[in-house]
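Participant:
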Ligand code: ATP
Ligand code: MG
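Residue numbers (my numbering): 2 to 182.
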């Protein structure tokens, strides 16, 4: 399974609807400083709700909405379309889509998630994505500095990260819970 396309609407520097195609083997994004390369990665973290484990480059979620001189549309949306022809996600569809939309309000913001165009909660979306080993702690996105951090960390912490990636950490949690009962 791989990302086929990202569609950004008013997300950060993308002030209109932009579709970014991804290839099935390898895609690089190049461009001058400040042109929005890292914003594309931020859009993946935002859309899949992977931002809680590692920092997305925004102080408030509403900073992710396109704005110029404090003026903007007040809402942003990102859709990621995955190619599922290999059926890594156990759903009988060639394409799987995940959408997240935020709307700013006087009291903060509202967040909406959609899995295959159907509204869902963040945890429902994570449950689906987890079937294809995509998770907030899964290191599906390697951020700048992550590699150095993993090399320099303690043996125990490095083991924890490897368990997390291998998907065995969840069983450790369950074992601990069972033993404490
Ligand atoms: P570098 O090569 O320096 O890493 P980059 O291509 O990764 O650059 P980004 O960090 O993705 O660039 O983009 C930065 C640009 O995004 C800045 O010009 C910033 O003003 C713009 N930007 C960020 N948030 C918003 C927003 N909410 N509305 C409009 N523009 C935004
Ligand atoms: Mg950058």
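Cβ coordinates follow ideal geometry from the N, Cα and C atoms, glycine included.
Check whether the region 68-87 and the region 5-12 are in contact - that is, three or more C-beta pairs closer than 8 Å.
Facilitator: Yes: the two stretches touch, three or more of their Cβ pairs being nearer than 8 Å.
Participant: Using the beta carbon as the reference atom, which residues fall closer than 5 Å to any heavy atom of ligand 1, ordered along the chain?
Facilitator: With the cut-off at 5 Å, the residues found are 13, 14, 34, 35, 36, 37, 38, 39, 40, 67, 68.
Participant: Once the 5 residues before and after residue 97 are set aside, which same chain residues still bring their CB inside 7 Å of it?
Facilitator: 83, 85, 90, 117, listed in sequence order.
Participant: Can you tell me whether residue 133 is buried or exposed? The criterion is at least 16 other CB atoms within 10 Å of its CB, across all chains shown.
Facilitator: Buried is the call here.
Participant: When DSSP labels each residue in this structure, what does residue 21 get in the three-state scheme?
Facilitator: Strand.
Participant: Is DSSP giving residue 11 helix, strand or coil here?
Facilitator: Correct three-state label for residue 11: strand.
Participant: Count Cβ pairs between the region 151-158 and the region 166-181 that sit closer than 8 Å; are there 3 or more?
Facilitator: No contact exists between the region 151-158 and the region 166-181.
Participant: Bridge partners of residue 109, per DSSP?
Facilitator: Answer is 106, bridged to residue 109.
Participant: Touch check for the region 158-167 and the region 131-146: three-plus C-beta pairs under 8 Å?
Facilitator: At 8 Å Cβ cutoff, the stretches touch.
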